[in-house]
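A.B. asks:
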Amino acid sequence: MTRGRFLVVDDEEDMRGMLCFHFAGEGFAVDAVEDGVSGLAALAAAPYDVVLLDVHLPRMSGPVVLQEIRRRWPTQLVVMLSSGIEEDGDMPWWTALADGCLDKPFPIGELERLLEALLHRKAQGATTP
Amino acid sequence: MRLFWKAYLGVAVVIAVPITLGTWVAADAFSEIRKASLITEARILVQALAGEIETGHAKGQWPFESLNRFTSGKNILSWWVVRPDGRIHLASDSRFMGSAASDYYPAEATTLGERRAIVDWVRRYTLLTTPLRIVPSRWSLWVFVDLRSAVRATRQITVGAIALTLLVLGVVGAVLREVLRKALGPLRDLHEGATRLAAGALAHRVPVRARDELGELAESFNRMSASLESTTVSRDYVDSIVASVDSALMVFSRSGSILRANERACDITGRSGETIVGEPWSELFDEALSAGIQEVAAGTRSVLRREGVIRAPEGKSVPVYVCCSAVRGRDDRPELALVCVAHDLRDQKRLEEERRRLQEELFQKQKMASLGTLVAGLSHELNNPLGIILGYAQSLVKRTPQDAPSRPALVAIEKQATRSAGLVRALLDFSRGKPAERQLVSPDSLLRQVTELSKGQAQRREVELQVEAAQEALPAVDVCAQEIASALLNILGNALDATAAGGRVVLRAGPASREDRAGVELSVADTGCGIAPEVLPHIFDPFFTTKPVGQGTGLGLALSRQFAEANGGDVSVESTPGQGTTMRLWLPSAAVPRAGALA
Numbered sequence: 363m364t365r366g367r368f369l370v371v372d373d374e375e376d377m378r379g380m381l382c383f384h385f386a387g388e389g390f391a392v393d394a395v396e397d398g399v400s401g402l403a404a405l406a407a408a409p410y411d412v413v414l415l416d417v418h419l420p421r422m423s424g425p426v427v428l429q430e431i432r433r434r435w436p437t438q439l440v441v442m443l444s445s446g447i448e449e450d451g452d453m454p455w456w457t458a459l460a461d462g463c464l465d466k467p468f469p470i471g472e473l474e475r476l477l478e479a480l481l482h483r484k485a486q487g488a489t490t491p
Numbered sequence: 003m004r005l006f007w008k009a010y011l012g013v014a015v016v017i018a019v020p021i022t023l024g025t026w027v028a029a030d031a032f033s034e035i036r037k038a039s040l041i042t043e044a045r046i047l048v049q050a051l052a053g054e055i056e057t058g059h060a061k062g063q064w065p066f067e068s069l070n071r072f073t074s075g076k077n078i079l080s081w082w083v084v085r086p087d088g089r090i091h092l093a094s095d096s097r098f099m100g101s102a103a104s105d106y107y108p109a110e111a112t113t114l115g116e117r118r119a120i121v122d123w124v125r126r127y128t129l130l131t132t133p134l135r136i137v138p139s140r141w142s143l144w145v146f147v148d149l150r151s152a153v154r155a156t157r158q159i160t161v162g163a164i165a166l167t168l169l170v171l172g173v174v175g176a177v178l179r180e181v182l183r184k185a186l187g188p189l190r191d192l193h194e195g196a197t198r199l200a201a202g203a204l205a206h207r208v209p210v211r212a213r214d215e216l217g218e219l220a221e222s223f224n225r226m227s228a229s230l231e232s233t234t235v236s237r238d239y240v241d242s243i244v245a246s247v248d249s250a251l252m253v254f255s256r257s258g259s260i261l262r263a264n265e266r267a268c269d270i271t272g273r274s275g276e277t278i279v280g281e282p283w284s285e286l287f288d289e290a291l292s293a294g295i296q297e298v299a300a301g302t303r304s305v306l307r308r309e310g311v312i313r314a315p316e317g318k319s320v321p322v323y324v325c326c327s328a329v330r331g332r333d334d335r336p337e338l339a340l341v342c343v344a345h346d347l348r349d350q351k352r353l354e355e356e357r358r359r360l361q362e363e364l365f366q367k368q369k370m371a372s373l374g375t376l377v378a379g380l381s382h383e384l385n386n387p388l389g390i391i392l393g394y395a396q397s398l399v400k401r402t403p404q405d406a407p408s409r410p411a412l413v414a415i416e417k418q419a420t421r422s423a424g425l426v427r428a429l430l431d432f433s434r435g436k437p438a439e440r441q442l443v444s445p446d447s448l449l450r451q452v453t454e455l456s457k458g459q460a461q462r463r464e465v466e467l468q469v470e471a472a473q474e475a476l477p478a479v480d481v482c483a484q485e486i487a488s489a490l491l492n493i494l495g496n497a498l499d500a501t502a503a504g505g506r507v508v509l510r511a512g513p514a515s516r517e518d519r520a521g522v523e524l525s526v527a528d529t530g531c532g533i534a535p536e537v538l539p540h541i542f543d544p545f546f547t548t549k550p551v552g553q554g555t556g557l558g559l560a561l562s563r564q565f566a567e568a569n570g571g572d573v574s575v576e577s578t579p580g581q582g583t584t585m586r587l588w589l590p591s592a593a594v595p596r597a598g599a600l601a
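Chains as they are written, first to last, in the working numbering: chain A, 363 to 491; chain B, 3 to 601.
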């Protein structure tokens, strides 16, 4: 029994590898895709507890993927991973749509705590609708 | 009115002389005519008288009564009947009877021929004699004819002529006076105009009263005045020019004193108009200017043009541009004076300084802007790899047992990746101008931190790294520890790079005040190669590096200084080529030390 299912959408192979390595080691089920289109396809194919979505993605940028997820699966939990500098300023518009945001580079423990909190909230929401 | 008297005398002579001559000739002629007429009348009368006497004598009596009757009312003064012996026998005036006629008249009168006349102008009568044809013979009749009427007529003519002359002279005088007054009016105007012109009133003009020769004269006088006014420089004019020049204008004697100075000169030199005159000009200028002016005074140099300084009181100095030359006379001979114009350069210097400062500021801003762009791009590119390294490291540390031999390596990777991430964050904040988060740090801990991090590099380069602890407890500084640590690491890294094997790098911390602000000085002294003097001013410039291509970014010291300044401090450098360099990082002490917050 996994602690939860994550989908990593990041164009950088090592980042996907690192996140998979860490969270698989921690007992989570992690899938990873390299762009937004593949991410939306993966979400349509199978449910995930949390999507870890990179902001800078080829073909379809992170915020656009986030909008699409919100349109199709309004309750899907999404954590945005940004590269620390955004052209839109300190608080881009999409932070309001996401369930959490982290600037790279982040301590892995911090992401872990954020994900566990979201899973806990989801479990609460599931038991007390 | 001398001209009047000259003219009047001339006119009077011209008028009076002909009148006088004419009158004289006319009176003389008239007198002659009148006299001749009187004598002719008298001759007739004498013949009649002779006839009467002859008739009476023939009758045996002297016709005394009838003779008197004949002669009364005529121009006859008296008559005598003279006997042959020359005695007066009968006379109109009985007192003469019996006396000798020669008593009254010279002898020749008695011998006068018939009808001879003696004219005595002195006694204004003429004597007519005629022989009487009575027996015995040689009786004669003498008749004195009165000529005064002729003289009277002459006198009347003369008096009339004199009166006429005087009248004419009077009229002529009056006319002449009036004519001269009219003619001399413009001359008087010209006289007054010339007097005023001589006094310097170049703007004065004389009235042009008539279109005649005098009017033309007045016009040409006015033209001359206008020409003088336009070409001649009056003293007032010179004074106002000197006063209006917007530079210090001074006149010097060759002997070395100031003869004249305008208001601007007093203003620039900081002296009053009374004290500046007579002062030696060498006191005013700096040595170079004084020497140059001395050359002009000596004639070895024609013109001095140079920038320099005027010494004002209280040790102030005014930058000026000075032009000095000898005053030249009309014939181009140098006079005894020098003229000196000093243009105040204070405003210009201020503007230049301001422009230089703005240019410097702009240059700095441009450098920082490009630095910011670079840093932003760079950190964006760095964040992803750092995130991956940090993620793997932390993940591995977490699942590696405490006693595993690889654990310290993983911990070190995590630590350095975290430091790098922090530095990138600080760089990013800095390039965005976002103030870094400050905390109270003890200077010693900063030194310990950087020493720890640089120990490996020092060992590899075989350089002794020495930390000298402060004598006393140092106050904490309120800074972004990450920024200051990286500033120190940069400085220390440079020191280690510059020092050859066997050398030494000493880190010190000590109290230091700047401008009455308490603070701490962290110094890094090396025994390295030193910094060349021509390089020294540029070492803090962004992108300036002396390291080989690919080894230095040129950002290290620039960031160190930016970090120091962002935290209220500064960085200074002292270097002796061949002996070493000391860099000092000064930081202000925290205003209120919070003991519990020390990192």
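Don't be surprised by glycine CBs; every beta carbon is placed ideally from N, CA and C.
Using the beta-carbon count (16 or more within 10 Å), is Thr-277(B) buried or exposed?
C.D. replies: Sequence index remark: in the second sequence, residue 277(B) carries index 275 (1-based). Flag for Thr-277(B) reads exposed.
A.B. asks: May I have the straight-line CA-CA distance separating Asp-397(A) from Leu-353(B), to the nearest angstrom?
C.D. replies: Locating residue 397(A) in the first sequence gives position 35, where the first residue counts as 1. Locating residue 353(B) in the second sequence gives position 351, where the first residue counts as 1. Roughly 59 Å between the two C-alpha positions.
A.B. asks: Under 8 Å Cβ to Cβ from Arg-421(A), same chain only, skipping five residues before and after it: list those, please.
C.D. replies: Against the first sequence, residue 421(A) aligns to sequence position 59. Result list for Arg-421(A): Asp-397, Gly-398, Val-399, in chain order.
A.B. asks: Thinking C-alpha only, which one of Leu-509(B), Thr-583(B), Asp-480(B) is nearest Ala-568(B)?
C.D. replies: The residue labelled residue 568(B) in the question sits at position 566 within the second sequence. Checked all of Leu-509(B), Thr-583(B), Asp-480(B); the closest Cα to Ala-568(B) is Asp-480(B).
A.B. asks: Would you say the segment 5-21 of chain B touches the segment 132-150 of chain B, given that touching needs at least three Cβ pairs under 8 Å?
C.D. replies: These segments do not touch.
A.B. asks: Using 8 Å for Cβ pairs, my map puts Leu-40(B) next to Asn-77(B). What's the rounded Cβ distance?
C.D. replies: Here residue 40(B) is taken as the residue at index 38 of the second sequence, counted from 1. Here residue 77(B) is taken as the residue at index 75 of the second sequence, counted from 1. Confirmed, about 6 Å.
A.B. asks: Answer with yes or no whether the minimum CB distance from Gly-552(B) to chain A is below 8 Å.
C.D. replies: For this step, residue 552(B) is matched to residue 550 along the second sequence. Because Gly-552(B) carries a pLDDT of 49, less than 50, the predicted location of this residue cannot be relied on, and the following value inherits that uncertainty. Not an interface residue.
A.B. asks: Pick out whichever of Glu-180(B), Leu-178(B), Leu-171(B), Glu-215(B) has its Cα sitting closest to the Cα of Leu-192(B).
C.D. replies: Looking up residue 192(B) in the second sequence gives position 190. Residue Glu-215(B) is the option with its Cα nearest to Leu-192(B).
A.B. asks: With which residues is Trp-144(B) paired in a DSSP beta bridge?
C.D. replies: For this step, residue 144(B) is matched to residue 142 along the second sequence. Its beta-bridge partners are Trp-82(B), Thr-131(B).
A.B. asks: Any C-beta of chain E sitting closer than 8 Å to the C-beta of Arg-401(B)?
C.D. replies: Reference to chain E is not applicable here, since the protein chains of this structure are A and B.
A.B. asks: Using a C-beta to C-beta distance shorter than 9 Å, which residues of chain B count as neighbours of Glu-430(A)?
C.D. replies: The residue given as residue 430(A) occupies position 68 in the first sequence. Within chain B, no residue comes near Glu-430(A); the closest Cβ sits about 24 Å away, beyond 9 Å.
A.B. asks: Does the segment 285-304 of chain B touch the segment 316-326 of chain B, meaning 3 or more C-beta pairs lie closer than 8 Å?
C.D. replies: Touching, per the Cβ criterion.
A.B. asks: Using a Cβ-Cβ cutoff of 8 Å, what residues of the segment 413-425 of chain B are near chain A? List them in chain order.
C.D. replies: Within the segment 413-425 of chain B, the qualifying residues are Ala-419, Thr-420, Ala-423.
A.B. asks: Thinking C-alpha only, which one of Leu-476(A), Val-371(A), Phe-390(A), Leu-459(A) is nearest Asp-402(A)?
C.D. replies: As a first step, residue 402(A) must be located in the first sequence, where it is residue number 40. For clarity, residue 402(A) is Leu in the given sequence; the question names Asp instead. Closest by alpha carbon: Val-371(A).
A.B. asks: Assuming Val-522(B) contacts Leu-509(B) (C-beta within less than 8 Å), just tell me the rounded distance between them.
C.D. replies: For the purposes of this step, residue 522(B) is taken as the residue at position 520 of the second sequence. For the purposes of this step, residue 509(B) is taken as the residue at position 507 of the second sequence. That pair is no contact at about 13 Å.
A.B. asks: To the nearest angstrom, how far is the alpha carbon of Ala-472(B) from that of Leu-587(B)?
C.D. replies: Within the second sequence, the letter at position 470 stands for residue 472(B). Within the second sequence, the letter at position 585 stands for residue 587(B). For Ala-472(B) and Leu-587(B), the distance between alpha carbons rounds to 15 Å.
A.B. asks: Are there 16 or more other CB atoms within 10 angstroms of the CB of Glu-116(B), so buried, or fewer, so exposed?
C.D. replies: Taking the second sequence and counting its residues from 1, the one referred to as residue 116(B) is at position 114. Residue placement at Glu-116(B) is flagged as unreliable, the pLDDT there being 46, under the threshold of 50; the coordinate-derived value follows with that caveat. Glu-116(B) comes out exposed.
A.B. asks: Mapping the DSSP letters down to three states, classify Arg-365(A) as helix, strand or coil.
C.D. replies: The sequence position of residue 365(A) within the first sequence is 3, counting from 1. Note: Arg-365(A) maps to coil in three-state DSSP.
A.B. asks: Please name the residue, chosen from Gln-396(B), Gln-451(B), Glu-517(B), that lies closest to Ala-489(B) on a Cα-to-Cα basis.
C.D. replies: Residue numbering aside, residue 489(B) sits at position 487 when the second sequence is read from its first letter. Of the listed residues, the one whose Cα sits closest to Ala-489(B) is Gln-451(B).
A.B. asks: Which residue wins for smallest C-alpha separation from Arg-440(B), given the options Leu-448(B), Phe-542(B), Cys-482(B), Asp-405(B)?
C.D. replies: To locate residue 440(B), count along the second sequence from 1; it is residue 438. Residue Cys-482(B) is the option with its Cα nearest to Arg-440(B).
A.B. asks: Taking 8 Å as the CB-CB cut-off, is Gly-471(A) touching chain B?
C.D. replies: Numbered from its first residue, the first sequence carries residue 471(A) at position 109. For Gly-471(A), the answer is yes, since a Cβ of chain B falls inside 8 Å of its Cβ.
A.B. asks: Measuring alpha carbon to alpha carbon, tell me which of Ile-270(B), Ile-164(B), Val-298(B), Ile-295(B) ends up nearest Arg-348(B).
C.D. replies: Reading the second sequence from its first residue, position 346 is the one you call residue 348(B). Comparing Cα positions, the closest option is Ile-270(B).
A.B. asks: Where Ala-475(B) and Ala-511(B) are concerned, what is the direct C-alpha to C-alpha distance, given to the nearest angstrom?
C.D. replies: Here residue 475(B) refers to the residue found at position 473 of the second sequence. Here residue 511(B) refers to the residue found at position 509 of the second sequence. The straight-line gap from Cα to Cα measures roughly 10 Å.
A.B. asks: Does Met-351(A) come within less than 8 Å of chain B when only Cβ atoms are used?
C.D. replies: There is no way to answer for residue 351(A), as the model of chain A reaches only from 363 to 491.
A.B. asks: On the DSSP letters alone, give me the boundaries of the beta strand (DSSP E) that Met-226(B) sits inside.
C.D. replies: Here residue 226(B) is taken as the residue at index 224 of the second sequence, counted from 1. Met-226(B) -> not in any beta strand (DSSP E); alpha helix (DSSP H) instead, spanning 215-233.
A.B. asks: Taking 8 Å as the threshold, find out whether the segment 396-411 of chain B comes into contact with the segment 466-486 of chain A through three or more Cβ pairs.
C.D. replies: The segment 396-411 of chain B is in contact with the segment 466-486 of chain A.
A.B. asks: Just tell me which of Gly-331(B), Val-465(B), Glu-517(B) has its CA closest to the CA of Val-507(B).
C.D. replies: Taking the second sequence and counting its residues from 1, one reaches residue 507(B) at position 505. Measuring from the Cα of Val-507(B), the nearest candidate turns out to be Val-465(B).
A.B. asks: By how many angstroms is the C-alpha of Thr-578(B) removed from the C-alpha of Arg-427(B)?
C.D. replies: As a first step, residue 427(B) must be located in the second sequence, where it is residue number 425. As a first step, residue 578(B) must be located in the second sequence, where it is residue number 576. Spanning the two alpha carbons is a distance of roughly 36 Å.
A.B. asks: Between Asp-393(A) and chain B, is any beta-carbon pair separated by less than 8 Å?
C.D. replies: In the first sequence, residue 393(A) corresponds to position 31, counting from 1. Not an interface residue.
A.B. asks: Checking 8 Å against the spacing of the C-beta atoms, do Met-442(A) and Ile-390(B) come in under that value?
C.D. replies: Here residue 442(A) corresponds to residue number 80 of the first sequence, with the count starting at 1. Here residue 390(B) corresponds to residue number 388 of the second sequence, with the count starting at 1. No, they are not a contact pair.
A.B. asks: Check this for me: beta carbons of Val-413(A) and Leu-405(A), under 8 Å apart or not?
C.D. replies: By one-based count along the first sequence, residue 413(A) stands at place 51. By one-based count along the first sequence, residue 405(A) stands at place 43. Their beta carbons are under 8 Å apart, which means Val-413(A) touches Leu-405(A) by this criterion.
A.B. asks: Taking all protein chains shown into account, do 16 or more other C-beta atoms lie within 10 angstroms of the C-beta of Val-443(B), making it buried, or fewer, making it exposed?
C.D. replies: For this step, residue 443(B) is matched to residue 441 along the second sequence. Buried is the call here.
A.B. asks: Can a CB atom of chain A be found closer than 8 Å to the CB of Leu-388(B)?
C.D. replies: Residue mapping note: residue 388(B) aligns to position 386 of the second sequence, counting from 1. So, interface residue.
A.B. asks: Any idea what DSSP makes of Leu-353(B), helix, strand or coil?
C.D. replies: Mapped onto the second sequence, residue 353(B) falls at position 351. Three-state result, Leu-353(B): helix.
A.B. asks: Starting from the C-beta of Asp-461(A), find all residues in its chain whose C-beta is less than 7 Å away, skip the five residues before and the five after it, and write them out in chain order.
C.D. replies: By 1-based counting over the first sequence, the position of residue 461(A) is 99. Hits under 7 Å: Leu-439, Val-440, Val-441, Leu-480.
A.B. asks: Skipping 5 residues on each side, what residues in its chain have a beta carbon closer than 6 Å to that of His-384(A)?
C.D. replies: Counting from 1 along the first sequence, the entry for residue 384(A) is found at position 22. Correct list, in chain order: Ile-470.
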